[in-house]
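Down below is the structure, laid out as structure tokens.
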Amino acid sequence: MRDVFSDFLACLRLNPFPGHGLRAAAGHSRIAFFVACGAMLLALLWMPGVAQAQVTAPGIIIELETNPASTTSFGFVGVVNTPFALQHDQRREFSDLTPGEYVVWQMETNADYDLIAIECDESVAEGTASQVDVASRMATINLDPDEIVRCRFVNNMRGQIVIAQATNPANATLDPFTYSLTGSTDFELSDGETHTVTALESGEYVVTQTGGDENWLLDSITCDDGDSAQPSVVDRATGRAAIKLEAGETVTCTFENEAPALVITESFAGIDLAEATGASYGGVACYWLTLGSRPDQPVTVSIDADAQIQTNKQSVVLDATNWDKLD
Numbered sequence: 034m035r036d037v038f039s040d041f042l043a044c045l046r047l048n049p050f051p052g053h054g055l056r057a058a059a060g061h062s063r064i065a066f067f068v069a070c071g072a073m074l075l076a077l078l079w080m081p082g083v084a085q086a087q088v089t090a091p092g093i094i095i096e097l098e099t100n101p102a103s104t105t106s107f108g109f110v111g112v113v114n115t116p117f118a119l120q121h122d123q124r125r126e127f128s129d130l131t132p133g134e135y136v137v138w139q140m141e142t143n144a145d146y147d148l149i150a151i152e153c154d155e156s157v158a159e160g161t162a163s164q165v166d167v168a169s170r171m172a173t174i175n176l177d178p179d180e181i182v183r184c185r186f187v188n189n190m191r192g193q194i195v196i197a198q199a200t201n202p203a204n205a206t207l208d209p210f211t212y213s214l215t216g217s218t219d220f221e222l223s224d225g226e227t228h229t230v231t232a233l234e235s236g237e238y239v240v241t242q243t244g245g246d247e248n249w250l251l252d253s254i255t256c257d258d259g260d261s262a263q264p265s266v267v268d269r270a271t272g273r274a275a276i277k278l279e280a281g282e283t284v285t286c287t288f289e290n291e292a293p294a295l296v297i298t299e300s301f302a303g304i305d306l307a308e309a310t311g312a313s314y315g316g317v318a319c320y321w322l323t324l325g326s327r328p329d330q331p332v333t334v335s336i337d338a339d340a341q342i343q344t345n346k347q348s349v350v351l352d353a354t355n356w357d358k359l360d
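The numbering of the sequence shown is this note's numbering, which starts it at 34 and goes up by one.
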């Protein structure tokens, strides 16, 4: 806070006349100049910048855009060396400037945002073009006579990705499932656990289930951004989800692994199973098939021929066409 008031006092020591620091209001009175320095103080305290009613050429307009829209304030310095602050869709206007070069710099004030663009529009097309440097957060404005230059600083809020693990049935005691995620270290999850990665720039991220109990097959991948402009794309067969992370978005993808779907047990018709040691000649061997869920791919069950008990090879295919008919 000490530096803020030091800047305020330094402002008061400036020469309040054209071409020398801040330009005060009509008549360049001491009172108006004091008010101008007070406005700078409020800006440094992250209050919204004060915009003039109309820009008089030669003039400069600085605007701010955040995605998504927010009330976060961003600090700027330049034009007439007076710091100011802007929120989404606010602007700061500077009128009656001397033609020449002016530099505007967005201060690095918020780690939750990335400056993705600086867009400058110039009213004099044949004049000297302004230059922007997004990496340095700086616009170098070449102001020509009778020109108004408008520069808009665009900031995207960072997002986050949440990966959740589920099992069916729940609370299974298993070794953790392993995952990889673009730009992140590998991680492990058990049933009911989540892994969150924050402060991510907008873009595509791929998360893949890379390991786990081989008997617990991946049954589904669901991401909760189906209504977004760029929904995630999942591929259960490869265990991957391609997440299209937008500015300020939180995307949660849930991977559900299912217990072995097919269990085969054997019994013998007409024989007390508690006493049975094997099938006698002419007996019938019964195979009981239990599936944990409707198969989304055909399941073939084969019984191979065995000369000793004189069975023939038989098979049955279970799929969506006959699932509901099974008893």
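A virtual CB, placed ideally from N, CA and C, is assigned to each residue, including glycine.
For residue 115, three-class secondary structure by DSSP = Taking the first residue of the sequence shown as position 1, residue 115 is located at position 82. Secondary structure at residue 115: coil, using DSSP grouped into helix, strand and coil.
Where the beta strand (DSSP E) through residue 222 begins and ends | Taking the sequence shown and counting its residues from 1, the one referred to as residue 222 is at position 189. Start and end: 220–222.
Can you tell me the Cβ-Cβ gap for residue 233 and residue 191, rounded? I've got them flagged as a contact below 8 Å.
-> In the sequence shown, the residue the question calls residue 233 occupies position 200. In the sequence shown, the residue the question calls residue 191 occupies position 158. At roughly 6 Å, the Cβ-Cβ gap stays under 8 Å, so residue 233 and residue 191 are in contact.
If you draw a straight line from the C-alpha of residue 223 to the C-alpha of residue 258, how long is it?
-> Against the sequence shown, residue 223 aligns to sequence position 190. Against the sequence shown, residue 258 aligns to sequence position 225. Rounded to the nearest angstrom, the gap between the Cα atoms of residue 223 and residue 258 is 23 Å.
Residue 87: buried (16+ other C-beta within 10 angstroms of its C-beta) or exposed?
-> Taking the sequence shown and counting its residues from 1, the one referred to as residue 87 is at position 54. By the 10 Å Cβ count, residue 87 comes out exposed.
State the beta-bridge partners of residue 261 as determined by DSSP.
-> Numbered from 1 along the sequence shown, position 228 holds the residue referred to as residue 261. Beta bridge pairing from DSSP links residue 261 with no other residue.
Starting from residue 150, trace the beta strand (DSSP E) both ways and give me its first and last residue.
-> Indexing the sequence shown from 1 puts residue 150 at position 117. Here the beta strand (DSSP E) through residue 150 covers 146–155.
Using only alpha-carbon positions, find the residue among 220, 285, 188 that is nearest to residue 151.
-> By 1-based counting over the sequence shown, the position of residue 151 is 118. Looking at the Cα atoms, 188 is the closest of the given residues.
In angstroms, rounded to a whole number, what distance separates the CA positions of residue 209 and residue 144?
-> On the sequence shown, residue 209 is found 176 positions in, with the first residue counted as 1. On the sequence shown, residue 144 is found 111 positions in, with the first residue counted as 1. Taking the straight line from one Cα to the other gives about 33 Å.
As assigned by DSSP and simplified to three states, the class of residue 275 | Translated into the one-based positions of the sequence shown, residue 275 becomes position 242. Residue state, collapsed to three classes: strand.
Every unbroken beta strand (DSSP E) inside the region 177–222 [3 residues or more] = 181–190, 192–201, 210–214, 220–222
Using the beta-carbon count (16 or more within 10 Å), is residue 139 buried or exposed?
-> Translated into positions along the sequence shown, residue 139 becomes position 106. Buried is the call here.
Closest by C-alpha distance to residue 130, when choosing among 141, 273, 100, 93 | Taking the sequence shown and counting its residues from 1, the one referred to as residue 130 is at position 97. Looking at the Cα atoms, 93 is the closest of the given residues.
Where does residue 248 sit, in a helix, a strand or coil, going by DSSP?
-> In the sequence shown, counting from the first residue as 1, residue 248 sits at position 215. In this structure, residue 248 counts as coil in the three-state DSSP scheme.
Around the C-beta of residue 126, are 16 or more other C-beta atoms found within 10 angstroms, so that it is buried, or is it exposed?
-> Residue numbering aside, residue 126 sits at position 93 when the sequence shown is read from its first letter. Classification for residue 126: buried.
Span of the beta strand (DSSP E) holding residue 269?
-> One-based indexing of the sequence shown puts residue 269 at position 236. Where residue 269 is concerned, there is no enclosing beta strand (DSSP E), given that its DSSP letter is neither H nor E.
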